[in-house]
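Protein chains in written order, with the working numbering: chain V, 29 to 267; chain L, 2 to 414.
Every residue gets a Cβ at the ideal spot worked out from N, C-alpha and C, and that includes glycine.
What follows is a short report on a single structure.
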Amino acid sequence: MLIEAKRLAKIYANEGIETPALLDATFQIDQGEFVSIMGPSGSGKSTLMHILGLLDRSTGGEYRLEGRDVVSLSDDELARLRNEEIGFVFQAFNLLPRTSVFENVELPLLYDRNSAENTKERVMAALKSVNMEHRASFFSSQLSGGEKQRVAIARALVNNPKIIFADEPTGNLDSKSGLQVMRIFQKLSEEGKTIILVTHETFTAEHAKRILRMMDGRIVSDESVANRRFADQENMLLK
Amino acid sequence: MKLSDPYRIAYQALSASRLRFFLTVLGIVIGVASVILVMSAGASAQRLILGQVESVGSNLLAVLPGASEEDGPPAMAFGVVSKTLTNGDLEALRDGRNIPEIVDAAGYVTGTAIAESDSEDIVASYQGVSASLPNVETVKVESGRFFFPDEDTRMARIAVLGSGVAGKLFPNGDALGKVVTIKRIPFTVVGVLKKRGSGTFSSTDDIIHIPLDTAQKDLLGIKYLNYARAKVGRTEDVDRVKTEVYRLLNQRHDIEPGQEPDFSVRSLESTLDILRSLTNVLKFFLVSIAAISLLVGGIGIMNSMLIAVNARVREIGLRKAVGARPGEIMFQFLLESIIITLLGGIIGILIGVSFAYAASLIIPKLGYDWQFLVPLSSIGVSFGVCFVIGMVFGLYPARKASKVSPMEALRYE
């Protein structure tokens, strides 16, 4: 089991007033799954992703990653896990400005404590998997939105993590670029990567195999997608 | 993380905001340059002041008539005329059998009068001095000669002019052989001294030197000395010889033990000590003022780094999200502020040293014996202070950066 969450909770306490952002989240995610976390804004989907992605700590419940209890880990240990096991894709791409595509993708390797070896090959392989190797020497500002997000995906892949978290990855993209990005995620899923996608759009969410629906900090449904969308086919329609 | 990576990241970050970087470095440059300049100027000024005193000779003892406190001004300074120091005392000092460490001694009487040449008449200071003066003080003759020993006792009516007074009395040059009249007594000029510079202490440039006996008898009508100076062979003997002089003159003046002597002996060394401590105080005072600008530069760094942390909060969040540990973020920001200070330090040292050098080219033209001195300690101190400032003022912003939550990367505006 890759991810095990049991009664996971996040409650913000501000001057004695407690505001729950996440309550009683219990679920499991297997290696290789493609899961959408869906819900309107304020539903707690981002909070859940922050906790699952080790960006934030829960205030209650249990969270095991690959069978390991991560609640008690130190900041440094969490940073190491994020570096080795997790890749992030953000809505706003978050590429470093005035920095080349290559260096952007290289970023996680800078903080990799295991291997400083064959950096170049790994960066180029990651760029190749998103068809961006021809832009390696470009600056991030010279890219289109879709290209930026593909570079961001390459950055998430470069350390060969087990899980990719994508937070509204198509939110800033036109529909064609959005489909391209979804196609990459589906391809990665087929190759065995675990992908957790956070979105508020049903259309995007239905590219996954499974959807966790959230409302007011709680998981309200957890089911497989009956009519899964495939970005390959939709892409053809768009053309 | 490779060892060179933090430097690469710092370089990228600094080159990304060049203006901010430049202005922050400038703050340190100004601070360091002013510290260096002030320390250098302080050292040069101290050298100048001490040098002028030393040019009289650091192994000199001054014997003054009248009692005075060791650290207080001599009785003369209050206009008290003491007649207690005599030519006999001078001869006793010069007599090698009494105090063998004394190389030679000279007696002095001074006065002011109208001096006339063929064409000019000026108010001038004259000094009656022993012919032994060149053995005691550094007196350099430009042309002609100084007095012969027998001219002292022969009541010779001759004069040796300081360069300044020679120029005033004989604007057309060549004073040798000409006559200067003081109090209607004609003196033949036998020598002119080298220009000594506008020293604050004992400049001989504006003084007419005449033989001691002549001055005492012909011009002043006195039998005592205003003061005497004795040159000690070795500087380390000065203190001991001082005691010897007290013993010798006490004996000559019939001063009983426990009685206060009617004269005083001073060494230049004690004057130098006073001047040295005075100029040191002045130096530290100036440096501390200059150090304030360095402090302001440091606050500039802190300000600039805080702005950088705020501006790059998403970048920091991203770095943390992809695995940067808090310590690595902190080190990176600390590195940036240290780079700023060290770079500012190097440029500041270069600018400070060049300004000090420029000053050493200009100030001598104003007539001062100004040396180009940059104390090595000032460079070491500046570098050390820069490093400390970079650390201290960079620490808070760096800590702040290290505490940025990785969730900042996901915040979408």
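Item: Just the Cα atoms here: how many angstroms apart are Arg92(V) and Gly115(V)?; Value: 18 Å
Item: In this structure, how does DSSP classify Thr201(L) when only helix, strand and coil are distinguished?; Value: Per-residue confidence for Thr201(L) stands at a pLDDT of 46, beneath the threshold of 50, marking its modelled position as unreliable; the derived number appears in the next sentence. Looking at Thr201(L) - three-state DSSP - the assignment turns out to be coil, as it is neither helix nor strand.
Item: Let me check understanding here. Comparing Cα to Cα, which of Arg197(L), Val64(L), Asp274(L), Asp207(L) lies closest to Ser83(L)?; Value: Val64(L)
Item: Taking the alpha helix (DSSP H) that Asp90(L) falls in, what are its first and last residues?; Value: 88-95
Item: Report all residues from its chain with a CB closer than 6 Å to the CB of Ala34(L); omit the five preceding and five following residues, and keep chain order.; Value: Gly349, Ile352, Gly353
Item: Determine whether the beta carbon atoms of Ser69(V) and Ala37(V) lie at a separation below 9 Å.; Value: no
Item: Output yes or no for whether 9 Å exceeds the beta carbon distance between Gly81(V) and Ala325(L).; Value: no
Item: Give the range of the beta strand (DSSP E) segment to which Phe166(V) is assigned.; Value: Counting along the chain, Phe166(V) falls outside any beta strand (DSSP E), and DSSP gives it neither H nor E.
Item: Give me the Cα-Cα distance between Val180(L) and Ile50(L), rounded to the nearest whole angstrom.; Value: 36 Å
Item: Val166(L) to Val54(L), Cα distance in whole Å?; Value: 22 Å
Item: CB Arg253(L) to CB Ala93(L), shorter than 9 Å?; Value: yes
Item: Express the C-alpha separation of Val266(L) and Ser164(L) in angstroms, rounding to a whole number.; Value: 30 Å
Item: Consider the Cβ of Phe118(V): report whether some Cβ of chain L lies at a distance smaller than 9 Å.; Value: yes
Item: Report the rounded CA-to-CA distance for Ala410(L) versus Ile37(L), giving the unit in angstroms.; Value: 44 Å
Item: Below 8 Å CB to CB, which residues in the same chain sit around Ser165(V) once its five sequence neighbours on both sides are set aside?; Value: Ser128, Val129, Phe130
Item: Quick one: grab the DSSP three-state call for Leu374(L).; Value: coil
Item: In this structure, does DSSP put Asp260(V) in helix, strand or coil?; Value: helix
Item: Evaluate the contact criterion for the region 94-106 of chain L versus the region 274-294 of chain L: three or more CB pairs, one atom per stretch, below 8 Å.; Value: no
Item: So, with DSSP's three-state summary, where would you put His162(V)?; Value: helix
Item: For His210(L), which beta-bridge partners are listed by DSSP?; Value: Gln128(L), Val161(L)
Item: Ala238(V) by DSSP, collapsed to three states: which one?; Value: The question names Ala, but residue 238(V) is Arg in the sequence shown. If DSSP states are grouped into helix, strand and coil, Arg238(V) belongs with the strands.
Item: Which residues bound the beta strand (DSSP E) around Ser338(L)?; Value: Premise fails: Ser338(L) lies in the alpha helix (DSSP H), 327-363, not in any beta strand (DSSP E).
Item: Against chain L, does Asp202(V) count as a neighbour if the rule is that its beta carbon must be under 9 Å from one of theirs?; Value: no
Item: Compute the Euclidean distance between the alpha carbons of Glu337(L) and Arg315(L), then round it to the nearest angstrom.; Value: 18 Å
Item: Could you say which of Ile340(L), Gly301(L), Leu287(L) lies nearest to Ser41(L) if we only look at CA atoms?; Value: Leu287(L)
Item: Taking just the CA atoms, how far does Ser131(L) sit from Ala125(L)?; Value: 19 Å
Item: Where does Asp219(L) fall in DSSP's three states?; Value: helix
Item: Take the Cβ of Arg146(L) as the centre, count every other Cβ of all protein chains shown within 10 Å, and call the residue buried at 16 or more, exposed below.; Value: exposed
Item: Closest to Ile317(L) by C-alpha separation, out of Met408(L), Gly381(L), Gln260(L), would be which residue?; Value: Met408(L)
Item: May I ask which residues mark the beginning and end of the alpha helix (DSSP H) holding Gly72(V)?; Value: Note, Gly72(V): premise wrong, no alpha helix (DSSP H); not H, not E.
Item: Would Ala53(V) count as contacting chain L if we go by Cβ distances under 9 Å?; Value: no
Item: Does the Cβ of His162(V) have 16 or more other Cβ atoms within 10 Å, making it buried, or fewer, making it exposed?; Value: exposed
Item: For a cutoff of 9 Å on Cβ pairs, would you count Lys401(L) as touching chain V?; Value: no
Item: Taking C-beta pairs closer than 8 Å, name the residues in chain A that Arg326(L) reaches, listed in chain order.; Value: No chain A is present in this structure, whose protein chains are V and L.
Item: Where does Thr201(L) land, buried or exposed, given buried means 16+ other C-beta within 10 angstroms?; Value: The pLDDT assigned to Thr201(L) is 46, lower than 50, so where the model puts this residue is not dependable, and the model offers no usable value.
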